[in-house]
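Heads up, my numbering is the position in the sequence shown plus 339, with the first residue counted as 1.
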Amino acid sequence: MAVSCNRNRNVAEYTSSAATDASEAGVAPPLPADVLLVTRSLINGQLYSRPSFEGMPLVHFDTTQLIQVLDTSSNAIFVKARIRKDTAAFTGYVSRAILPEE
């Protein structure tokens, strides 16, 4: 798997033949090892650059978007998460309040 990252936007682009093969076969691609769980938000929301509502929004998402939860222990209000849009993966923070209970 090749990874490229734009540090200013916390964006990583992934290319993988395994993910392509899984997509063509109609199955979900394998999850990275750092993913604790995958969920969907209860309402539309934003992925922030830091664990604060004052952080820069990296990407907007709706209830159909899959959210990969990476860390739930570092902050009481936010979880560290990754959201994939097309070939880009955005890593940042999502409010716990809009996610279903674990």
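Ideal Cβ positions, reconstructed from N, Cα and C, are used throughout, including at glycine.
Residue range L376 to R379 is occupied by the beta strand (DSSP E) that includes T378. In the structure shown, the three-state DSSP call for A420 is strand. A straight line joining the alpha-carbon of F400 with that of S434 spans about 12 angstroms. Here V408 is buried: its Cβ has 16 or more other Cβ atoms, across all protein chains shown, within 10 Å. For D425, no beta strand (DSSP E) encloses it, and the DSSP letter there is neither H nor E. Taking every protein chain shown into account, the CB of A428 has 16 or more other CB atoms within 10 angstroms, so this residue is buried. Look at I382 here: in three-state DSSP terms it is coil, with no helix or strand label. Taking 8 angstroms as the cut-off, the beta carbon of V377 is found no closer than this to the beta carbon of I416. Residue environment: S380 is assigned as buried (16 or more neighbouring CB atoms within 10 Å of its CB, all protein chains considered).
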